[in-house]
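Here is the structure we will look at, set down as structure tokens.
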Amino acid sequence: PKFMAISQFYILSPRGDTIISREYRGDIVKGTAEIFFRKARFWKGEAPPIFNIDGINFLFVKKNGLFFVCTTKFNVSPAFTIELLGRVARIVKDYCGVLTEESIRKNFILVYELLDEVIDYGFAQGLSTETLKAYVHNEPIPVAALPEQRFKVPNMNPKTTPSSAVHKPISTQAQRKGGKNEIFVDILERLNVTFTSNGNVLNSSIDGCIQMKSYLSGNPALRLALNEDLVIGKSSSGPYGAVVLDDCNFHECVRLDDFESTRMLSLVPPDGEFTVMNYRVSGEFRAPFRVFPLVEEMSHYKIEVVVKVRADIPEKNYGNNVTVRFGVPRASSTVSPQLPAGMQGQTVEYSERERQVTWQIKKFQGGAEHSLKTTITLSSPSTPMTRKEIGPVSLTFEIPMYNVSNLQVRYLRIAETHKSYKPYRWVRYVT
Numbered sequence: 004p005k006f007m008a009i010s011q012f013y014i015l016s017p018r019g020d021t022i023i024s025r026e027y028r029g030d031i032v033k034g035t036a037e038i039f040f041r042k043a044r045f046w047k048g049e050a051p052p053i054f055n056i057d058g059i060n061f062l063f064v065k066k067n068g069l070f071f072v073c074t075t076k077f078n079v080s081p082a083f084t085i086e087l088l089g090r091v092a093r094i095v096k097d098y099c100g101v102l103t104e105e106s107i108r109k110n111f112i113l114v115y116e117l118l119d120e121v122i123d124y125g126f127a128q129g130l131s132t133e134t135l136k137a138y139v140h141n142e143p144i145p146v147a148a149l150p151e152q153r154f155k156v157p158n159m160n161p162k163t164t165p166s167s168a169v170h171k172p173i174s175t176q177a178q179r180k181g182g183k184n185e186i187f188v189d190i191l192e193r194l195n196v197t198f199t200s201n202g203n204v205l206n207s208s209i210d211g212c213i214q215m216k217s218y219l220s221g222n223p224a225l226r227l228a229l230n231e232d233l234v235i236g237k238s239s240s241g242p243y244g245a246v247v248l249d250d251c252n253f254h255e256c257v258r259l260d261d262f263e264s265t266r267m268l269s270l271v272p273p274d275g276e277f278t279v280m281n282y283r284v285s286g287e288f289r290a291p292f293r294v295f296p297l298v299e300e301m302s303h304y305k306i307e308v309v310v311k312v313r314a315d316i317p318e319k320n321y322g323n324n325v326t327v328r329f330g331v332p333r334a335s336s337t338v339s340p341q342l343p344a345g346m347q348g349q350t351v352e353y354s355e356r357e358r359q360v361t362w363q364i365k366k367f368q369g370g371a372e373h374s375l376k377t378t379i380t381l382s383s384p385s386t387p388m389t390r391k392e393i394g395p396v397s398l399t400f401e402i403p404m405y406n407v408s409n410l411q412v413r414y415l416r417i418a419e420t421h422k423s424y425k426p427y428r429w430v431r432y433v434t
């Protein structure tokens, strides 16, 4: 059916340069890439993933600063098309190793070959990395990962290391020669916590997943064991201190024969990166960071805002790229954020266009506390409404080798084919 067809596909750089462009149906004028980027770049706020200009539907996802965009004149399913773009991005990452402008430019022949197999006349075809191996014959040109994508964790267990899986392309050859037998497992958790102005939790949830990327020759069967005290479903009863997940789902390759009794997953991993398990947790948990805002009216035309952030995580852990943002009143004429003297690794700036203060902390050690004082001068006298226009305060971060739900991988066992088979197993936790 035509409502599932796209007309054009392209990948744009953060500057708007067209890196990859593919025309599928020839029913839309040329130059839509420039129209899209101009519209998205100057959209008030953040551009929505779907919008229409002169009868042309633009749909896009943004991955690592790159725009994966498609156009169509049909009334396509938005969820289906956004999922298609996300899967194309994942396949490109699997084959190129790392999703950057340089890797796509160096592997553009491979990317075009992938697009020819994935989409035919605007219709989605095979979107499995494993299936595509039989039809893709160009070998990837390896590209080094960006420096900011790497991080080292001090005092780390020698059996655990930051995953470098995303920086290594999968092999399109039937047999891998001379490479290590490696498997990478990532436990990723995204937190959503809303606090009141006095620090009480309004609502909180964890969206987590276990991701895996395999470079094991022969695709042997694996057994992945999770916490023995793992409980699925809030209504289920479990021992004190048990890890309770509201719900979860698994990849189609996972067998659950022993999951109920031993919390063990059996699987034969496909090539490429895939999600073994998705899970969700709602309810009370200890948030890694606490935010304490204080608003003080110095005079009718001057307000002082102090934001304190405390890291409630062990001292051995730290937060990466912690970013604090908050809005200021419309009547603000000058906004002067000020960091304490001698603070290194911290930056603060004010965007007059967005009326927003952005405070960035490169490394936030566990147990530490940092504060920012911002003086706001108003163009008109302060009113009760003025105070309400300050905020809300948002905080984003990444914590390596730490997870809030306490979901753990007890062991990862590989069915060894012979004694000389020595696989390497790497596990990483990121919140």
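All residue numbers for the sequence shown refer to the working numbering, where the first residue is 4 and numbers rise by one.
Each residue gets a CB set at the ideal place from its N, CA and C atoms; glycine is no exception.
Everything numeric in this text was worked out from a predicted model, so none of it was measured.
Look at the alpha carbon of residue i and the alpha carbon of residue j, and state the distance between them as a whole number of angstroms.
i: M7; j: D274; result: 27 Å
i: T361; j: L375; result: 10 Å
i: A50; j: T103; result: 21 Å
i: R226; j: A92; result: 29 Å
i: V146; j: T132; result: 19 Å
i: R193; j: D210; result: 5 Å
i: S382; j: K391; result: 17 Å
i: L436; j: E287; result: No information on residue 436 is available, as it lies outside the stretch 4 to 434 that the chain covers here.
i: S106; j: I22; result: 11 Å
i: S16; j: F400; result: 25 Å
i: N406; j: V412; result: 12 Å
i: I94; j: V308; result: 46 Å
i: Q327; j: V310; result: A small correction: the amino acid at residue 327 is Val; Gln does not occupy that position in the sequence shown. If I take the Cα positions, the gap works out to 9 Å.
i: E300; j: I306; result: 5 Å
i: R258; j: L135; result: 24 Å
i: V264; j: G369; result: This sequence places Ser at residue 264; Val is not what is there. About 37 Å.
i: L205; j: T199; result: 6 Å
i: V246; j: G236; result: 10 Å
i: E489; j: K66; result: Residue 489 lies beyond the residue range present for the chain, which begins at 4 and ends at 434; the question has no answer from this structure.
i: N158; j: E318; result: Residue placement at N158 is poorly supported in this model, since its pLDDT is 36, which falls under 50; the coordinates still yield a value, given next. Near 12 Å, if we compare the C-alpha coordinates of E318 and N158.
i: V79; j: S335; result: 44 Å
i: F54; j: V196; result: 30 Å
i: P143; j: Y353; result: 42 Å
i: N409; j: N230; result: 9 Å
According to the neighbour-count rule (16 or more other Cβ atoms, all chains shown, within 10 Å of its Cβ), is residue i buried or exposed?
i: P150; result: Bear in mind that a pLDDT of 49 at P150, under 50, signals an unreliable position, so the model cannot answer this.
i: Q178; result: Only weak support exists for where Q178 lies, its pLDDT of 44 falling under 50; the value from the coordinates is given anyway. Answer is exposed; the Cβ neighbour count stays below 16.
i: R428; result: buried
i: K96; result: buried
i: G291; result: One point to set straight first is that residue 291 is Pro, not Gly, in the sequence displayed. P291 is buried by the Cβ-count criterion.
i: N320; result: buried
i: D1; result: Residue 1 is absent from the structure shown; the chain starts at 4 and stops at 434.
i: F128; result: Here residue 128 turns out to be Gln, not Phe, going by the sequence shown. The residue in question, Q128, is exposed, as its Cβ has fewer than 16 Cβ neighbours within 10 Å.
i: L219; result: buried
i: L268; result: buried
i: G432; result: It should be pointed out that residue 432 corresponds to Tyr in this sequence rather than to Gly. Per the 10 Å Cβ criterion, buried.
i: H373; result: buried
i: I190; result: buried
i: V101; result: buried
i: T35; result: buried
i: I9; result: buried
i: M346; result: exposed
Put residue i into one of helix, strand or coil per three-state DSSP.
i: Y321; result: strand
i: G330; result: strand
i: R226; result: strand
i: F83; result: helix
i: A344; result: coil
i: F61; result: strand
i: C212; result: strand
i: G144; result: In the sequence as presented, Gly is not what sits at residue 144; that position holds Ile. Coil, per DSSP.
i: A314; result: strand
i: D119; result: helix
i: K425; result: coil
i: D261; result: coil
i: E133; result: helix
i: V95; result: helix
i: G19; result: coil
i: F39; result: helix
i: E2; result: There is simply no residue 2 to check, as the chain begins at 4 and stops at 434 in what is shown.
i: F77; result: coil
i: K237; result: coil
Should residue i and residue j be called a contact, given that it needs their Cβ atoms to be closer than 9 Å?
i: V284; j: S208; result: yes
i: F39; j: F12; result: no
i: G394; j: R358; result: no
i: D250; j: Y282; result: yes
i: T75; j: I59; result: yes
i: G124; j: V114; result: Residue 124 is actually Tyr in this sequence, not Gly. No, they are not a contact pair.
i: T378; j: Q349; result: no
i: F253; j: V234; result: no
i: N141; j: N110; result: yes
- Message: My parser needs the beta strand (DSSP E) runs of 3 or more residues fully inside the segment 284-311; what are they?
- Response: Listed in chain order, they are 292-302.
- Jot down the residue ranges of each uninterrupted alpha helix (DSSP H) in the segment 330-417, minimum 4 residues, whole runs only, in chain order. For the segment 330-417, whole alpha helix (DSSP H) runs of length 4 or above, ordered along the chain, are 387-391.
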